[in-house]
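Step one of this worksheet: look at the structure below.
Residue numbers (the numbering used here), protein chains in the order written: chain Y, 2 to 263; chain B, 4 to 315.
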């Protein structure tokens with residue numbers, strides 16, 4: 002067999018491709034259930050809130066409520082698809098199936114596993130995130146050219162939340178441990194992101210806190226794509242999402258390495 | 004087995020002919036020294052057995068060699084690559100079959116192998132052939148599209164080994180390759196290991212089954228409490244530590260206890276297991292031993308003598 006070129010101390014493309022191919026291969030077996038969960042849940046949320054609250058609140062800042070929620074639910078779809086898959090899959094692969102052990106015996110390092118898997122889940126989340134937008138079209142949301150950016154925003158947000166999920170997975174020892182992060186972190190992130198109600202009528206402290214919520218920046222970007230970009234503010238939102246992705250990636254890599262390389 | 008798992012042709016390890024070397028290796032987990040001053044040199048091209056009771060440090064040693072455990076002290080080299088710094092280079096040339104299955108059990112058999120052909124960077128041109136060859140090694144051609152979790156325990160173990168060979172590694176680590184398997188399946192795996200060694204692949208196999216080491220290993224290192232307590236060919240080890248012949252004496256526990264303390268007082272080497280006391284080096288001790296059944300010494304005598312009275 003021809004010699005394999007391996008380079009030390011860097012993230013190598015062949016290793017990333019291999020991690021990606023593994024994810025894709027697994028996805029081919031499970032795409033039906035994963036896709037059903039990732040699309041149906043936010044669509045139901047959207048319809049429930051849209052019709053339920055839509056009766057009480059007809060418009061928010063001049064936007065029909067169902068369109069307001071529809072654009073916000075893109076972020077929810079991205080969050081759930083990325084963070085939950087990352088959490089449960091990574092813990093399963095580390096603790097129960099031990100496939101990370103098998104992968105690490107090959108010329109693949111922890112940073113390559115985390116990078117490859119977050120990228121895969123990020124792209125998948127970006128695709129799933131489009132579903133609520135398509136539903137919102139049925140309720141009169143007007144297609145805008147800037148909306149082609151929505152999947153990209155979804156991918157960027159998804160990479161960060163996938164890495165965050167892998168970090169959570171590296172901190173717990175059993176699935177039960179996820180109760181803390183689901184109730185203590187993910188639910189607040191999801192509720193205080195301006196998805197269902199605008200934050201500009203909330204107290205100042207809550208609005209300041211929302212600035213730290215990556216999901217808020219995703220929601221704002223998606224809404225701006227639908228109802229008009231605000232270039233300077235949007236650059237800040239993109240920067241915040243990038244910073245979040247880098248931080249979450251770093252946390253995931255270091256904590257997962259502590260778990261897998263002793 | 005239908006085909007050789009590794010391609011013909013010379014497999015040259017590092018220049019000095021040593022495939023794996025560990026010197027003064029220490030690995031601590033909290034207060035426990037799992038590996039405690041381990042020295043080991045595995046010559047290229049041999050089947051090398053790492054024999055020791057559970058808890059002797061065999062699995063930790065294996066994990067140090069794959070870079071999944073980092074030694075606290077000492078030096079480790081695999082195929083001339085220093086670990087942990089160059090672990091990735093070593094892993095590209097090494098195959099690993101773990102003690103506990105870590106298969107992607109949700110995937111089909113062929114998919115498992117294709118994913119690992121990627122992870123081991125088998126070139127696109129060679130990938131399909133490598134997967135076919137691995138299927139043949141595992142004898143799973145007919146099960147290629149079945150999910151790995153539907154395979155029997157023995158088939159899963161064969162798939163694990165075939166997965167470790169997908170990139171034709173120069174060194175193969177087998178951690179307790181036949182633990183928990185039926186005798187027939189164990190025989191099958193043994194012939195697979197023999198053919199690997201015949202193809203020139205260096206095999207480092209940990210086991211606590213003495214028979215396995217005696218049958219397969221060219222050389223054996225006996226480990227106890229994290230270090231090597233004896234090393235050599237099985238025949239050398241038997242001759243040095245148990246002699247040509249031994250005498251088994253059966254009796255009640257109190258009888259054996261008193262025989263044992265007398266033997267200790269007289270400086271006679273013995274080993275104890277269950278219902279019998281075995282006098283080692285019996286061929287040199289004629290006239291000094293109680294009546295018992297005489298037989299050829301074996302590796303089990305050495306193992307029990309060196310690692311303690313308990314053997315599974």
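Glycine included, C-beta positions come from ideal geometry on N, C-alpha and C. From a predicted model like this one, the values you see are computed outputs, not experimental measurements.
Residue i versus residue j - alpha carbon distance
i: residue 82(B); j: residue 96(B); result: 8 Å
i: residue 93(Y); j: residue 300(B); result: 48 Å
i: residue 211(B); j: residue 182(B); result: 9 Å
i: residue 249(Y); j: residue 216(B); result: 47 Å
i: residue 175(B); j: residue 196(Y); result: 54 Å
i: residue 154(Y); j: residue 101(B); result: 41 Å
i: residue 253(Y); j: residue 115(Y); result: 7 Å
i: residue 56(B); j: residue 181(Y); result: 41 Å
i: residue 201(Y); j: residue 90(Y); result: 37 Å
i: residue 147(B); j: residue 86(Y); result: 28 Å
i: residue 52(Y); j: residue 217(Y); result: 23 Å
i: residue 164(Y); j: residue 84(Y); result: 8 Å
i: residue 153(B); j: residue 186(B); result: 21 Å
i: residue 186(Y); j: residue 161(B); result: 44 Å
i: residue 47(Y); j: residue 7(Y); result: 48 Å
i: residue 199(Y); j: residue 136(Y); result: 21 Å
i: residue 158(Y); j: residue 79(Y); result: 7 Å
i: residue 114(B); j: residue 149(B); result: 10 Å
i: residue 314(B); j: residue 270(B); result: Only weak support exists for where residue 314(B) lies, its pLDDT of 39 falling under 50; the value from the coordinates is given anyway. Straight-line Cα distance between these residues: approximately 23 Å.
i: residue 227(B); j: residue 247(Y); result: 46 Å
i: residue 226(Y); j: residue 243(Y); result: 18 Å
i: residue 190(Y); j: residue 184(Y); result: 10 Å
i: residue 179(Y); j: residue 47(B); result: 47 Å
i: residue 209(B); j: residue 85(B); result: 22 Å
Proximity winner among the options, relative to residue i (alpha-carbon distances)
i: residue 67(B); options: 50(B), 259(B), 57(B) and 41(B); result: 41(B)
i: residue 255(Y); options: 40(Y), 167(Y) and 245(Y); result: 167(Y)
i: residue 138(B); options: 98(B), 271(B) and 165(B); result: 165(B)
i: residue 281(B); options: 273(B), 288(B) and 108(B); result: 273(B)
i: residue 117(B); options: 50(B), 28(B), 135(B) and 45(B); result: 135(B)
i: residue 275(B); options: 297(B), 268(B) and 252(B); result: 252(B)
i: residue 118(Y); options: 24(Y), 234(Y) and 132(Y); result: 24(Y)
i: residue 94(B); options: 239(B), 37(B), 23(B) and 264(B); result: 23(B)
Any C-beta of chain B under 8 Å from that of residue i
i: residue 9(Y); result: yes
i: residue 252(Y); result: no
i: residue 261(Y); result: yes
i: residue 181(Y); result: no
i: residue 257(Y); result: no
i: residue 246(Y); result: no
i: residue 12(Y); result: no
i: residue 23(Y); result: yes
i: residue 3(Y); result: With a pLDDT of 49 at residue 3(Y), under the threshold of 50, the predicted position of this residue should be treated as unreliable, though the coordinate-derived value follows. Interface residue, yes.
i: residue 95(Y); result: no
i: residue 30(Y); result: yes
i: residue 18(Y); result: yes
i: residue 33(Y); result: no
i: residue 26(Y); result: yes
i: residue 152(Y); result: no
i: residue 68(Y); result: no
Residue i vs residue j beta-carbon contact at 8 Å
i: residue 104(Y); j: residue 169(Y); result: no
i: residue 177(B); j: residue 106(B); result: no
i: residue 246(B); j: residue 204(B); result: no
i: residue 224(Y); j: residue 72(Y); result: yes
i: residue 31(Y); j: residue 82(Y); result: no
i: residue 248(B); j: residue 285(B); result: yes
i: residue 262(Y); j: residue 109(Y); result: no
i: residue 14(Y); j: residue 121(B); result: no
i: residue 131(Y); j: residue 156(Y); result: no
i: residue 144(Y); j: residue 74(Y); result: no
i: residue 260(Y); j: residue 171(Y); result: yes
Any C-beta of chain Y under 8 Å from that of residue i
i: residue 64(B); result: no
i: residue 123(B); result: yes
i: residue 29(B); result: no
i: residue 99(B); result: yes
i: residue 7(B); result: Interpretation of residue 7(B) is limited by its pLDDT of 37, a score under 50 that renders its predicted location unreliable; no figure is taken from the coordinates.
i: residue 110(B); result: yes
i: residue 286(B); result: no
i: residue 103(B); result: yes
i: residue 236(B); result: no
i: residue 149(B); result: no
Output, in sequence order along the chain, the residues in the region 208-231 of chain B whose CB is closer than 9 Å to any CB in chain Y. For the region 208-231 of chain B, which is checked against every Cβ of chain Y, not one residue is closer than 9 Å.
Interface residues of the region 102-125 of chain Y facing chain B [CB-CB below 7 Å]: Under the 7 Å Cβ criterion, the region 102-125 of chain Y contributes 102, 103, 104, 105, 106, 107, 108, 109 and 110.
What residues in the region 71-94 of chain B have a beta carbon less than 9 Å from any beta carbon of chain Y? Listed by position, the residues of the region 71-94 of chain B near chain Y (Cβ gap below 9 Å) are 71, 72, 73, 87, 88, 89, 90, 91, 92, 93 and 94.
Interface positions of the region 180-203 of chain Y facing chain B (Cβ-Cβ less than 8 Å), listed along the chain: Flagged: no residues at all.
Give the residues from the region 157-178 of chain B that approach chain Y closer than 7 Å (Cβ to any Cβ), ordered along the chain. So the close ones are 170 and 171.
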